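When you line the sequence shown up against the numbering used here, it's residues 86 to 385, in that order. Cβ coordinates follow ideal geometry from the N, Cα and C atoms, glycine included. Every value quoted in this text rests on a predicted model; they were computed, and no experiment measured them.
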Amino acid sequence: MALLLAGATTARATLAVWPIDGAVPAEQRAALETALVAAVVEGTHVDAVAGPDRSALALRKTGGDVAAAVHLLGASHCFVAHLVSVADGQAVGLTLMDHDGVVLARAREPVLDLDDPPFAHLVKTVWRESNKASASTPPAIEWITGLRTGLVLPFAPNIDLEPQVALHFDGWLTGRRWFAWLGAGMALPVGGEDAFGYGSTYLRLGGGAFFTEGANAPFAGLAARPGVVFSEGESAASVALAASAGYLIGRDAPTRGFIDLEIGWQASGIDPQPLETQGTARATDTLRPIELGLHVGIGW
86 MALLLAGATT ARATLAVWPI DGAVPAEQRA ALETALVAAV VEGTHVDAVA
136 GPDRSALALR KTGGDVAAAV HLLGASHCFV AHLVSVADGQ AVGLTLMDHD
186 GVVLARAREP VLDLDDPPFA HLVKTVWRES NKASASTPPA IEWITGLRTG
236 LVLPFAPNID LEPQVALHFD GWLTGRRWFA WLGAGMALPV GGEDAFGYGS
286 TYLRLGGGAF FTEGANAPFA GLAARPGVVF SEGESAASVA LAASAGYLIG
336 RDAPTRGFID LEIGWQASGI DPQPLETQGT ARATDTLRPI ELGLHVGIGW
């Protein structure tokens, strides 16, 4: 456990920040209480309890932004001790925040005699909440099963192609900053006058990265889609490559939602022989369409 000092003992001042990872050893609670008493009563910076210099350096790098400093240090939770103005003087407050600066618990006691039980009660209250938060920390690696649907618009030179409706069953193996895809899906043409229609069934294998570790996280990924394309009773093996970018909502909730934009390329090609000719394309041309898809989904 490291201690960050973020200011002096003035009204509404942040006194100290303790970044913590997981459950905090119970024997360190005495050091927390001692440091808070020193910070509030004596106005000291409690350097003796400060720990590694990197804690103070993190605050300087972030311009005193408490949440950003804790994020920079990679802690899962943090205590923030502060002074606040109240009607009859000042109060000492303790706040528990998670890695993204979200407030999980807070408590406040008037500044009277910090040796009195109310202050000890304040520390114990928030400490107890910290252990609850540590116990409820999301797992480092998780499996998510999802269902995804969307509209796909294929494009190829010199030929009109029918739009498609896609349905995917997706499995996500996720960490806080990465994910891997293992799923299966299909895309079916939905009709178009004088247009060439094709469909496909495929596996979806790939992975990517989340750009934040928060509950709502933007992501980007790459995937290969080996499978079968079909049209007018004809079928052939195929391989498509795809890149996607999207947004995952509620990743720590029992039910998640997501939306993504995917650009795919039928790398192995499609033979439009069943329709003879469309537009100016010859029956012997091999199509390698670009597929633009917008999808929404839900996961558990």
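Counting only beta-carbon atoms, is D185 nearer than 9 Å to chain D?
-> Within the model displayed, chain D is absent; a lone protein chain is all it includes.
Terminal residues of the beta strand (DSSP E) in which V237 lies | E227 to F240
Note down, one range per segment and in chain order, each beta strand (DSSP E) of at least 3 residues found wholly within the segment 242-293.
-> 249-259 and 263-274
May I ask whether a heavy atom of the ligand NAD can be found less than 8 Å away from the beta carbon of T259?
-> As far as ligands go, the structure on display features none, and thus does not contain the ligand NAD.
For the putative contact between W266 and R233, defined by C-beta atoms under 8 Å, what is the C-beta separation to the nearest angstrom?
-> Contact between W266 and R233 is absent: CB atoms are separated by about 10 Å, not below the 8 Å threshold.
Proximal residues to E379 (C-beta, below 7 Å), its chain only, five neighbours per side dropped = It should be pointed out that residue 379 corresponds to Leu in this sequence rather than to Glu. For L379, where only same-chain residues beyond five positions count, the Cβ hits under 7 Å are G235, L236 and L346.
In the DSSP assignment, find the beta strand (DSSP E) that holds W386 and state where it starts and stops.
-> Residue coverage of the chain in this structure runs from 86 to 385, which leaves residue 386 outside it and unanswerable.
Distance, E298 Cα to W263 Cα = The alpha-carbon atoms of W263 and E298 are separated by roughly 10 Å.
From F254, H253 and P239, residue whose alpha carbon lies closest to that of E247 | P239
Drop a sphere of 10 angstroms on the beta-carbon of E376, count the other beta-carbons inside from all chains shown, and report buried for 16 or more, exposed for fewer.
-> Buried.
Go ahead and label E194 buried or exposed: buried means 16 or more other beta carbons lie within 10 angstroms of its beta carbon, across all protein chains shown.
-> buried
What span of residues does the beta strand (DSSP E) with I355 cover, start to end?
-> Careful: I355 lies outside any beta strand (DSSP E) and carries neither H nor E.
Residue range of the beta strand (DSSP E) that includes A322 = E319 to I334
According to the Cβ coordinates, are Y287 and A338 closer than 9 Å?
-> Taking C-beta atoms as the reference points, Y287 and A338 fail to come closer than 9 Å.
DSSP state of H184 mapped onto helix, strand, coil | coil
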